[in-house]
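S.K.: Here the protein sequences line up with chains A and B, keeping their order. In terms of the working numbering, the first sequence is residues 21 to 490. In terms of the working numbering, the second sequence is residues 35 to 247.
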Amino acid sequence: MLKTLYDKLWDSHVVRTEEDGTGLIYIDRHLVHEVTSPQAYEGLKLANRLPWRVDSIVATADHNTPTTDWDKGIEDPISKLQVDTLDQNIKEYGSKAYFPFLDPRQGIVHVIGPEQGATLPGMTVVCGDSHTSTHGALACLAHGIGTSEVEHVLATQCLVQKKMKNMLVRVEGELHPWVSAKDIALALIGKIGTAGGTGYAIEFAGSAIEALSVEGRMTLCNMAIEAGARAGMIAVDQTTIDYLRGRPFAPDGDLWDEAVTYWRTLTSDSGAIFDSVVTLDGVDLNPQVTWGTSPEMVLDIDGRIPDPDEEKDASKKESIEQALEYMGLKPNTRLKDIKIDKVFIGSCTNSRIEDMRIAANVVKGRRVASNVQLAMVVPGSGLVKAQAEKEGLDKIFMAAGFEWRQPGCSMCLAMNNDRLEAGERCASTSNRNFEGRQGAGGRTHLLSPAMAASAAISGTFSDVRNLVAN
Amino acid sequence: MEIFSLKKGLVAPLDRANVDTDAIIPKQFLKSIKRSGFGVNLFDAWRFLDVGEPGVPIESRKINPNFILNEARYRGAQILLSRKNFGCGSSREHAPWALADYGFSAVIAPSFGEIFFNNSLKNGLLPIVLPEPDVDVLFRDVFDVPGFELVVDLEEQRVGTVDGSRMYDFDIDPFRKHCLLNGLDDIGLTLQHVDEIKQFEMQHQLNQPWLFS
Ligand code: SF4
Chain A
21 MLKTLYDKLW DSHVVRTEED GTGLIYIDRH LVHEVTSPQA YEGLKLANRL
71 PWRVDSIVAT ADHNTPTTDW DKGIEDPISK LQVDTLDQNI KEYGSKAYFP
121 FLDPRQGIVH VIGPEQGATL PGMTVVCGDS HTSTHGALAC LAHGIGTSEV
171 EHVLATQCLV QKKMKNMLVR VEGELHPWVS AKDIALALIG KIGTAGGTGY
221 AIEFAGSAIE ALSVEGRMTL CNMAIEAGAR AGMIAVDQTT IDYLRGRPFA
271 PDGDLWDEAV TYWRTLTSDS GAIFDSVVTL DGVDLNPQVT WGTSPEMVLD
321 IDGRIPDPDE EKDASKKESI EQALEYMGLK PNTRLKDIKI DKVFIGSCTN
371 SRIEDMRIAA NVVKGRRVAS NVQLAMVVPG SGLVKAQAEK EGLDKIFMAA
421 GFEWRQPGCS MCLAMNNDRL EAGERCASTS NRNFEGRQGA GGRTHLLSPA
471 MAASAAISGT FSDVRNLVAN
Chain B
35 MEIFSLKKGL VAPLDRANVD TDAIIPKQFL KSIKRSGFGV NLFDAWRFLD
85 VGEPGVPIES RKINPNFILN EARYRGAQIL LSRKNFGCGS SREHAPWALA
135 DYGFSAVIAP SFGEIFFNNS LKNGLLPIVL PEPDVDVLFR DVFDVPGFEL
185 VVDLEEQRVG TVDGSRMYDF DIDPFRKHCL LNGLDDIGLT LQHVDEIKQF
235 EMQHQLNQPW LFS
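The following block contains the structure:
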């Protein structure tokens with residue numbers, strides 16, 4: 021039988037199948053962070069259980085950690101307690117690797133997993149975090165789980181799962197050089213909606229996807245969850261293998277060769293059947309910017325804010341009205357006429373070295389517009405930060421008027437001190453524009469790093485292609 | 035897990051699509067290392083006019099009189115009625131913890147965020163998927179009829195009006211239903227298969243030794 025990549029990953033991890041088709045799936049890599057793990061470890065302790073395979077656990081603190089003044093430690097006592105609790109749990113139960121607060125390799129869990137070679141093709145990867153889908157860029161089956169499931173994986177190394185359906189998203193054609201994986205992701209969500217992928221594992225394929233770096237592939241798979249799909253994935257090719265060679269936790273020597281031989285089989289068989297196929301044209305894709313409070317509320321940069329009076333469906337009309345009110349926007353306004361207050365370049369979607377380079381390229385020799393009160397760059401990990409500094413990117417950002425911060429989730433969800441005040445408008449490279457996501461009353465517009473950099477310079481949303489042409 | 039015991043409950047309407055987990059429980063409350071106590075901050079940004087911070091007693095908060103759950107007629111509601119894609123967003127189990135802690139035992143919507151759906155089932159909170167037209171009718175009922183209640187029969191997988199005039203069937207995974215009805219912890223159930231897991235693990239290590247090096 022012809023199999024999709026997802027079928028192959030599923031089949032190679034089924035421990036047993038129940039009569040109703042539910043599978044018990046073996047988990048290879050368990051990524052752990054401070055927000056969703058304390059109650060799981062507590063449950064484990066109460067039931068007098070031990071982790072099944074300590075060697076599968078890679079942990080870091082990222083959500084609560086500050087991005088400035090690291091010498092002062094974590095000042096918020098409640099955040100500190102959560103981070104300390106993780107320290108304590110890892111100390112007590114063990115792990116394969118732990119990158120605590122202040123470690124030079126600490127960073128956002130979805131940045132450091134691939135960076136360390138801790139996520140490998142063919143693996144099942146879980147984490148108590150919905151953006152675990154990111155790791156599917158390396159042809160693994162990776163998805164987010166809740167805290168009860170974190171405890172279940174700790175105790176049994178397995179997860180009870182229903183097999184998902186297969187969706188293929190095919191993107192053909194060469195992207196414009198300033199159009200990126202983030203634009204593909206947003207355009208896709210605009211097309212199929214935030215529930216369009218519900219019940220599916222999405223495989224991304226096509227010439228535009230093959231041309232992406234692994235970093236770009238991670239951006240795309242990261243956003244699969246915003247399209248409703250728990251998992252996104254991309255087949256193994258030479259790009260995947262080149263990316264992994266020499267990473268700290270990747271195999272080496274004979275084992276490397278053996279692994280590569282296996283990894284090369286991790287593609288969908290040609291002719292395999294998908295339950296749903298969506299196609300996007302890469303050539304005509306324009307930079308995307310969201311205008312509302314859901315990632316599906318997205319426009320081409322040339323677009324205008326929608327008019328609820330033109331929407332026939334009553335519940336959609338109401339959603340538009342609610343979003344316009346929250347976002348403080350008027351129908352028919354041009355995106356390019358909307359002024360911004362803050363810029364955030366970071367998050368597990370767009371904080372890798374490639375993102376830093378693209379944004380630095382845009383701002384080089386330019387200045388952040390005077391109406392922008394704060395423009396910040398938060399690298400995804402200590403290693404990304406060090407690499408960027410080696411290349412002098414930090415200097416470029418700071419010369420342009422950006423703040424250059426310490427790694428972490430930061431203003432992606434504003435659990436630390438980095439947040440929007442009520443009414444502030446932010447151009448953000450993160451993944452969620454929900455009400456209050458970046459701070460109570462804050463207004464988030466999602467876009468790519470190049471477009472965020474362009475907005476910082478213009479003070480409004482602007483087409484990066486015009487900016488760099490001048 | 036506790037046994038799912040809801041038979042009949044008052045219904046509260048939340049007439050919005052895409053209610054996300056950040057709206058259900060804003061992130062400033064996620065710093066807790068406990069599983070309980072999230073109910074007071076359920077829908078915090080909508081229920082209150084001031085910005086909530088952990089540990090602030092509810093008596094000192096400014097209630098938003100325009101938020102529907104604050105209306106007296108919905109006090110004590112056990113069933114929440116909402117629109118498509120309820121619980122989208124993050125994987126945080128704090129969302130079902132907050133809903134259950136507030137007093138809800140079931141949520142009815144045309145569709146749910148998948149991780150939220152799973153998380154709910156593990157916390158005795160029953161997510162019920164009904165077709166959009168049926169949800170429309172229920173919204174009309176809730177708005178028109180003060181004290182509108184629904185009966186829930188998990189065993190028979192049905193939900194309906196108290197007078198029995200309208201009944202809707204819903205789907206639920208048999209395993210999850212069994213766990214809910216019996217209050218079973220699924221870790222215990224999985225551990226009944228320890229030998230199979232060990233067997234699989236040995237074979238897996240032979241097939242992909244680099245995963246164990
Ligand atoms: S960067 Fe944002 S989306 Fe990513 S893991 Fe951190 S909080 Fe979640």
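All C-beta atoms, glycine included, are put in the ideal place defined by N, C-alpha and C.
Judging by CA-CA distance, which residue of A:L440, A:A157, A:E423 and A:L413 is the nearest neighbour of T369 (chain A)?
M.R.: A:A157
S.K.: Using only the alpha-carbon positions, how far apart do S296 (chain A) and N186 (chain A) sit?
M.R.: 7 Å
S.K.: Would DSSP call G43 (chain B) helix, strand or coil?
M.R.: Here G43 (chain B) carries a strand assignment [DSSP, helix/strand/coil].
S.K.: Name the residue from A:V180, A:K336, A:V488 and A:N381 whose alpha carbon lies nearest to the alpha carbon of R50 (chain B).
M.R.: A:K336
S.K.: Look at L355 (chain A) and I321 (chain A) and say whether their C-beta atoms are less than 8 Å apart.
M.R.: yes
S.K.: What residues of chain B sit near T56 (chain A), judged by a beta carbon separation below 8 Å?
M.R.: S125, R126 and E127
S.K.: Please check if any C-beta of chain B sits within less than 8 Å of the C-beta of K183 (chain A).
M.R.: Closer than 8 Å: no.
S.K.: For V35 (chain A), would you say it is in contact with chain B, using Cβ-to-Cβ distances shorter than 8 Å as the test?
M.R.: yes
S.K.: Are any of the Cβ atoms in chain B nearer than 8 Å to that of M435 (chain A)?
M.R.: yes
S.K.: Using only the alpha-carbon positions, how far apart do T87 (chain A) and D78 (chain B) sit?
M.R.: 26 Å
S.K.: Given a cut-off of 8 Å, decide if L29 (chain A) and D289 (chain A) are closer than it, judged by their beta-carbon atoms.
M.R.: Cβ distance not < 8 Å, so D289 (chain A) and L29 (chain A) don't count as in contact.
S.K.: Helix, strand or coil: which one does DSSP assign to T88 (chain A)?
M.R.: coil
S.K.: Three or more C-beta pairs closer than 8 Å, one from the stretch 156–172 of chain B and one from the stretch 101–111 of chain B: is that the case here?
M.R.: In short, these stretches do not touch, since the Cβ pair count stays below three.
S.K.: Alpha carbon to alpha carbon, how far is V484 (chain A) from T260 (chain A)? Give it in angstroms, no decimals.
M.R.: 29 Å
S.K.: Cβ of I360 (chain A) within 8 Å of Cβ of G479 (chain A)?
M.R.: yes
S.K.: Under 7 Å between beta-carbons, which chain A residues line up against S247 (chain B)? List them in chain order, please.
M.R.: P271 and L275
S.K.: Spell out a yes or no on whether the stretch 229–242 of chain B and the stretch 170–179 of chain A are touching, meaning 3 or more CB-CB pairs, one atom from each, closer than 8 Å.
M.R.: yes
S.K.: In whole angstroms, give me the CA-to-CA distance for D27 (chain A) and L394 (chain A).
M.R.: 46 Å
S.K.: What do you get for M253 (chain A), buried or exposed, if any count of 16 or more other CB atoms within 10 angstroms of its CB means buried?
M.R.: buried
S.K.: Taking the Cβ atom as the reference point for each residue, do V11 (chain A) and I245 (chain A) lie within a distance shorter than 8 Å?
M.R.: It is not possible to answer for residue 11 (chain A), since the shown part of chain A is limited to 21 through 490.
S.K.: I need the straight-line Cα distance from F481 (chain A) to V392 (chain A), nearest angstrom please.
M.R.: Between the C-alpha atoms of F481 (chain A) and V392 (chain A) there is a straight-line separation of about 12 Å.
S.K.: CB-CB under 6 Å to S154 (chain B), same chain, minus the five flanking residues each way: which ones, in chain order?
M.R.: P130 and P161
S.K.: Does chain B have any CB closer than 8 Å to the CB of I132 (chain A)?
M.R.: no
S.K.: In chain A, which residues lie less than 7 Å from F234 (chain B) when you measure between Cβ atoms?
M.R.: V35 and Y46
S.K.: Does the Cβ of N370 (chain A) lie closer than 7 Å to at least one heavy atom of ligand 1?
M.R.: no
S.K.: Considering Cα atoms alone, identify which of A:R425, A:A67 and A:G266 is closest to S367 (chain A).
M.R.: A:R425
S.K.: I'd like the span of the alpha helix (DSSP H) that includes F417 (chain A), first residue to last.
M.R.: L413 to A420
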